[in-house]
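For the sequence shown, the positions run 29 to 117 when the working numbering is used.
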Amino acid sequence: MSVIRKRHSPEVFQQVFVFVLNLFCGKALGIDATMLEANAAMTSIVRKDGWKDYLRKLATAEGNENPTENDLRRLDRRRPGKTVSNEDW
């Protein structure tokens with residue numbers, strides 16, 4: 029509805045608004061005008077716990093029994109594909 033309000037005159041918006049309300053005639057209807065900003069990266073829900081343990085397991089599988097922090101970073105950078113399946117994680 030806000031796109032229609034921005035692009036058209038108030039009269040057109042009023043007609044569209046009445047049309048939409050008539051679609052829901054006889055039904056309970058609530059309107060929330062809260063403006064939200066979506067974050068497509070979703071960085072707030074990235075799971076980071078246990079990642080170093082996962083990298084240590086990969087390093088051990090490659091033959092490095094006691095990897096340092098730098099070894100783990102290097103291993104993570106050069107991993108092919110840079111993806112992890114749910115089964116592996």
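Glycine is no exception: its CB is placed at the ideal position from the N, C-alpha and C atoms.
Please read all numbers here as calculations on a predicted model, not as lab measurements.
For the pair Asp60 and Leu83, the CB atoms are not nearer than the 7 Å cut-off. DSSP places Thr88 inside the alpha helix (DSSP H), whose first and last residues are Trp79 to Ala89. Excluding five sequence positions before and after Glu90, the CB atoms of its chain that fall closer than 8 Å to its own CB belong to Leu103, given in chain order. When secondary structure is reduced to three states using DSSP, Asp60 falls in the coil class, being assigned neither helix nor strand. DSSP, reduced to helix, strand and coil, places Lys55 outside both helices and strands of the structure shown, so it counts as coil.
One thing to note: Arg33 has its Cβ within 7 Å of the Cβ of Phe41. In the three-state DSSP reduction, Val48 falls in the helix class (H, G or I).
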